[in-house]
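Each remark here refers to the structure printed beneath this line.
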Amino acid sequence: MTTHDAKASEVKGVFTLILYSNNMGKAAFFYKEDGRYTIEPYTPNFNLKIMKGISDSEAIQKAEDFVKGDGSFSHSQFSKIVDDNDQVVGFELRPLYYPLSYGVSDILDISYKTKGNKVIAYISLVSSVKDMLF
0 MTTHDAKASE VKGVFTLILY SNNMGKAAFF YKEDGRYTIE PYTPNFNLKI MKGISDSEAI
60 QKAEDFVKGD GSFSHSQFSK IVDDNDQVVG FELRPLYYPL SYGVSDILDI SYKTKGNKVI
120 AYISLVSSVK DMLF
């Protein structure tokens, strides 16, 4: 699994939207409800808010509104998640911050692994931000 830059025009259909948040990071994931894969962040359920039956435009808007709620927020990065056959599995939206806040603009390290028809999203802080905070 890998990610590539995406455009909102690539998002078509009805989606499940997953809003991930913990003490230090936020991200939004969404996947087509009639698609081959589901996306499951590897995190306790209390870090997630899951909404089903969301239209394409609503999924993008809700994800944008969710990730930009921080004073250090600069802009967001929108990516498509693709499998080994270059088929779109879903989408990811993450906040990017002003580098003065954390030393880097992208504070999240997100990787994906396939387990059957599930795509597991592993989310952590990048090591330089972990070192700075802890």
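Under numbering that gives the first Met the number 0, residue 133 is the last one in the sequence shown; the count climbs by one each step, no gaps.
Note that beta-carbon positions come from the ideal geometry of N, C-alpha and C, so glycine has one too.
Do residue j and residue i come within 8 Å of each other at the CB atom, strictly closer than that value?
| i | j | result |
| --- | --- | --- |
| proline 134 | valine 66 | No statement about residue 134 is possible, as the shown extent of the chain runs from 0 to 133 and does not include it. |
| alanine 5 | serine 56 | no |
| valine 118 | isoleucine 80 | yes |
| serine 110 | tyrosine 96 | no |
| alanine 7 | leucine 92 | no |
Taking the straight line between their C-alpha atoms, what separation do you get for residue i and residue j?
| i | j | result |
| --- | --- | --- |
| alanine 62 | glutamate 32 | 17 Å |
| glycine 52 | threonine 15 | 6 Å |
| glycine 89 | glycine 12 | 11 Å |
Helix, strand or coil, according to DSSP, for residue i in the structure here?
| i | result |
| --- | --- |
| valine 144 | Beyond the ends of the chain as shown, which are 0 and 133, falls residue 144; an answer cannot be given. |
| methionine 131 | helix |
Between which two residues does the alpha helix (DSSP H) holding residue i run?
| i | result |
| --- | --- |
| aspartate 64 | 55-66 |
| tyrosine 97 | Note, tyrosine 97: premise wrong, no alpha helix (DSSP H); not H, not E. |
The beta strand (DSSP E) with residue i in it runs from where to where?
| i | result |
| --- | --- |
| threonine 42 | Run containing threonine 42: none; DSSP gives neither H nor E here. |
Kindly list the residues whose CB is nearer than 7 Å to the CB of residue i, restricted to its own chain and excluding five residues on each side of it in sequence; keep chain order.
| i | result |
| --- | --- |
| asparagine 116 | Arg35, Tyr36, Thr37 |
Can you name, in chain order, every residue of its own chain whose Cβ lies under 8 Å from the Cβ of residue i, other than the five neighbours on each side?
| i | result |
| --- | --- |
| methionine 23 | Ile106, Leu124, Val128, Leu132 |
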